[in-house]
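Trainee: Residue numbers (our numbering), protein chains in the order written: chain A, 464 to 854; chain B, 464 to 854.
What follows is the structure in structure tokens.
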């Protein structure tokens, strides 16, 4: 494609960044024709003639080849993106919630309309994980993906570890520095990470799993004692999203859980707002991709790469296939569970208990959790109970 | 392309690995029709009808679409690859010496004949550095590439540091474990790394520089004292290949030198046979790619990825352009230079000296080396003198 005419949804920091780069670099041959926004009264750093509050001004404009969708609301985004594809337009999106929630439907729509649908910016910001899985590791037999895919929680955990801050203080520092939203629930409860590992898993293994079926506990229950314990053992606590195959090619494990990582490992040295993803494969062995996971420039970089790829007709091919994942294989998971002395819970959640410790102010149990219980046991929701699994 | 018919040059560990994978995975639609080898008497794990000692049996076979070149000799490889492209065949090669030496000529040949010429396996084994520079960071304004691109020297340095081995003992351990060649000169003198950073620099910045014009010192002069000094200062010594632009877009620095890296940095945690490359950019900030740099499976993985890309007609586009690099901008380089008490050398190589230390068995000077002297000064060849630059 010689020239690309773009309709942009959203003019936040990323949208504005994309607009600036494309305006300054005419040689890219990409022109933003119209920008749809919610609030027409806000002052914008672009000619007012570009803006509209009507989605249809973009969707129904036959000159527009590509919709770049950068809005927050996943439901509205889904409508926009579906309509755009049905009108024969390609789509670049950064909306992980929308993609994870409607992944198969969106892929089907893009195939039916023979358009490109790219979303590198939705997963780990500037880290080109989807593109590498699609293009570079397309023939390699992958065995696991394990990584830090959420910058906010990684920032908070880094502060808790390095500056001995409580969760609450680390969170407020993250907010102050622009690394956490005013409502951080999606991040700190691991929901954002679950969207991302769901998307990654489809590209890595050809298996689709809904985010809500992923075993998950966030970082809100972690206490100073847990960090002391980790330090004593030479371990670092990270919120790890992972997806592993067993040797029959079944997903044996897909989860978002606080995890102990040995100090010298790449993931334990992935700090602050950075993301890092390990790709395990039978040929290439272990690959590690690392970079900034969020923020104006890293996200813009990923969106621009996708726009540029659309110019030469690039489409994801999902070469590993697209199957609904039917069954987890069953296996126990080694975990450390800590809680205040007065907290009680049903110990039968453990398949076996290996260590127990108690003193006047804290207790912990290390053991193997029952696989069937792992998802629905109350300790996943109980804020008084920390759970950290072993890598 | 529906089917790909391949002529393979070389049946060493990588060649045999590729043959096995393509034979086992028929669904890839790639068939090896003929394999050219040097020694017809050697026992091979493939039907003897596949083998020939005549290059022309492959080059002149019109059914063969793709030549995969995996031989050691760079001069013979260049003839094979040139002839193949002139016959309209695409080429996948892992021969960094051949590519670095004839880079512009080979690119010109591939363009003139409208064929693909891919060589991911020539640079950092399984780490997809070229593909990411070509495809993903194609529009981003890159500012630096800095990395560990040679597995043998990294293995040796890791052993020297972690096991307190002398250079000689670390080298012999590397040989024993298959991480160094019987003649390790290309690796330990940094020549292999210079080939690689030359190739990378063209893809990152569109600038061509011959390997022999790259400032270079290997690891053969490093001594135990240097490692003690590094440890004391919380630094790690790595052989770093780098290529930096200044803000006018000129190469300000392209070198292969032993370098002090701060302990917590990604590159200081890149150990043993692993490679790691940092990509600095104005949008994505800093990216890090890490993986196995050499060996049977990592190299096979890269070759297979290239073969697979050729199936869908992929070509490098050199979007950053291809210019001969005319001038280094001049700047001084901060270095630590250590030597035995009895060694003398011309101190005017330093623009300025910041620290000096001497005791009965060793001396060191820390200062800024003159830019003009950097390449031709005798200390680069004097094995009694260690030189380690600062990151």
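The C-beta atom is built at its ideal place from N, Cα and C for all residues, glycine as well.
Three or more beta-carbon pairs under 8 Å between the stretch 663-672 of chain A and the stretch 623-630 of chain A, yes or no?
Mentor: Touching, no, given that fewer than three Cβ pairs across the two stretches are closer than 8 Å.
Trainee: Between residue 573/A and chain B, is there a C-beta pair that is closer than 8 Å?
Mentor: Taking Cβ atoms only, chain B never reaches closer than 8 Å to residue 573/A, which makes this a no.
Trainee: What's the call for residue 729/B, buried or exposed, on a 16-neighbour Cβ count within 10 Å?
Mentor: Looking at its Cβ environment, which holds 16 or more other Cβ atoms inside 10 Å, residue 729/B is buried.
Trainee: Any Cβ of chain B within less than 8 Å of the Cβ of residue 590/A?
Mentor: So, interface residue.
Trainee: How far does the beta strand (DSSP E) with residue 445/A in it extend, from its first residue to its last?
Mentor: For residue 445/A there is no data in the structure shown, the boundaries of chain A being 464 and 854.
Trainee: Can you tell me whether DSSP reads residue 664/A as helix, strand or coil?
Mentor: In the structure shown, residue 664/A sits in a helix (DSSP, three-state: H, G or I).
Trainee: Using three-state DSSP, classify residue 620/B as helix, strand or coil.
Mentor: The answer is helix: DSSP assigns residue 620/B an H, G or I state.
Trainee: Quick check for students: name the residue ranges of the alpha helix (DSSP H) that lie wholly in the stretch 580-655 of chain B, counting only runs of 4 or more.
Mentor: Runs found: 614-625, 630-639, 648-651.
Trainee: When you compare each of 469/B, 596/B, 603/B, 642/B to residue 747/B by their alpha carbons, which one comes out closest?
Mentor: Residue 747/B has its Cα closest to that of 603/B, out of 469/B, 596/B, 603/B, 642/B.
Trainee: Mind checking which residues open and close the beta strand (DSSP E) that includes residue 466/B?
Mentor: Run containing residue 466/B: none; DSSP gives neither H nor E here.
Trainee: Taking the beta strand (DSSP E) that residue 826/B belongs to, which residues open and close that run?
Mentor: Segment 826-832, the beta strand (DSSP E) holding residue 826/B.
Trainee: Counting only beta-carbon separations shorter than 8 Å, does residue 499/B have a partner in chain A?
Mentor: No, its Cβ sits nowhere closer than 8 Å to a Cβ of chain A.
Trainee: Residue 487/A lies in the alpha helix (DSSP H); which residues open and close that run?
Mentor: Taken as a continuous stretch (DSSP letters only), the alpha helix (DSSP H) holding residue 487/A covers 476-487.
Trainee: If you measure beta-carbon to beta-carbon, which residues of the stretch 590-605 of chain B are closer than 9 Å to chain A?
Mentor: Residues 590, 591, 594, 595, 598, 599, 600, 601, 602, 603.
Trainee: Starting from the beta carbon of residue 761/B, find every residue of chain A whose beta carbon is closer than 8 Å, and list them in chain order.
Mentor: Within 8 Å Cβ-Cβ: 746, 747, 748.
Trainee: With a cut-off of 8 Å on the beta carbons, I'd call residue 801/B and residue 827/B a contact; round off their distance for me.
Mentor: Indeed, because the Cβ distance is near 4 Å, the residues count as touching under 8 Å.
Trainee: For residue 495/A versus residue 518/A, is the C-beta spacing smaller than 8 Å?
Mentor: Taking 8 Å as the Cβ cut-off, residue 495/A and residue 518/A do not qualify as a contacting pair.
Trainee: Does the structure place the stretch 725-745 of chain A close enough to the stretch 564-580 of chain B that three or more beta carbon pairs sit under 8 Å?
Mentor: Judged by Cβ distances under 8 Å, the stretch 564-580 of chain B makes no contact with the stretch 725-745 of chain A, as fewer than three pairs qualify.
Trainee: Helix, strand or coil for residue 707/A, going by three-state DSSP, please let me know.
Mentor: Residue 707/A falls in the strand class under three-state DSSP.
Trainee: Are residue 607/B and residue 743/B close, meaning C-beta to C-beta below 8 Å?
Mentor: Yes, the Cβ-Cβ distance between residue 607/B and residue 743/B is below 8 Å.
Trainee: Within 10 angstroms of the Cβ of residue 640/A, are there 16 or more other Cβ atoms? Answer buried if so, exposed if not.
Mentor: So residue 640/A ends up on the exposed side.
Trainee: Taking the CB atoms as reference points, tell me whether residue 833/A and residue 715/A lie closer together than 8 Å.
Mentor: No, the pair does not count as a contact, with Cβ atoms beyond the cut-off.
Trainee: Could you give the first and the last residue of the continuous alpha helix (DSSP H) run that contains residue 513/B?
Mentor: Residue 513/B -> no alpha helix (DSSP H), and no H or E assigned at all.
Trainee: Would you say residue 877/B reaches chain A, if we count a Cβ-Cβ gap shorter than 8 Å as a contact?
Mentor: Any property of residue 877/B remains undetermined from this structure, which presents chain B solely from 464 to 854.
Trainee: According to the Cβ coordinates, are residue 754/B and residue 597/A closer than 8 Å?
Mentor: No, Cβ-Cβ distance for residue 754/B and residue 597/A is not below 8 Å.
Trainee: For residue 725/A, count neighbouring Cβ atoms within 10 angstroms of its own Cβ and tell me buried if that reaches 16, exposed if not.
Mentor: Result: exposed.
Trainee: In whole angstroms, give me the CA-to-CA distance for residue 548/B and residue 573/B.
Mentor: Distance between the alpha carbons of residue 548/B and residue 573/B is about 6 Å.
Trainee: Helix, strand or coil for residue 848/A? Go by DSSP, reduced to three states.
Mentor: In the structure shown, residue 848/A sits in coil (DSSP, three-state: anything other than H, G, I, E or B).
Trainee: Over the uninterrupted alpha helix (DSSP H) stretch that includes residue 519/A, give me the two end residues.
Mentor: Note, residue 519/A: alpha helix (DSSP H), 518-522.
Trainee: Give the straight-line distance between the Cα atoms of residue 780/B and residue 806/B, rounded to the nearest whole angstrom.
Mentor: Taking the straight line joining both Cα atoms gives about 50 Å.
Trainee: Grab me the residues of residue 545/B's own chain with a C-beta within less than 7 Å of its C-beta, minus the 5 sequence neighbours each way, in chain order.
Mentor: 572, listed in sequence order.
Trainee: Taking the beta carbon of residue 775/A as the centre, do at least 16 other beta carbons fall within 10 Å, making it buried, or is it exposed?
Mentor: Exposed, because fewer than 16 other Cβ atoms sit within 10 Å of the Cβ of residue 775/A.
Trainee: So who's on the other strand from residue 679/A, going by DSSP bridges?
Mentor: Residue 679/A pairs with 719/A.
Trainee: State the DSSP-derived secondary structure class of residue 526/A, mapped to helix, strand or coil.
Mentor: It is coil, neither helix nor strand.
Trainee: Would you mind working out which of 619/A, 503/A, 687/A sits nearest residue 847/A, comparing C-alpha positions?
Mentor: The option with the nearest alpha carbon to residue 847/A is 687/A.
Trainee: Is the beta carbon of residue 531/B sitting closer than 8 Å to the one on residue 481/B?
Mentor: Yes, Cβ-Cβ distance for residue 531/B and residue 481/B is below 8 Å.
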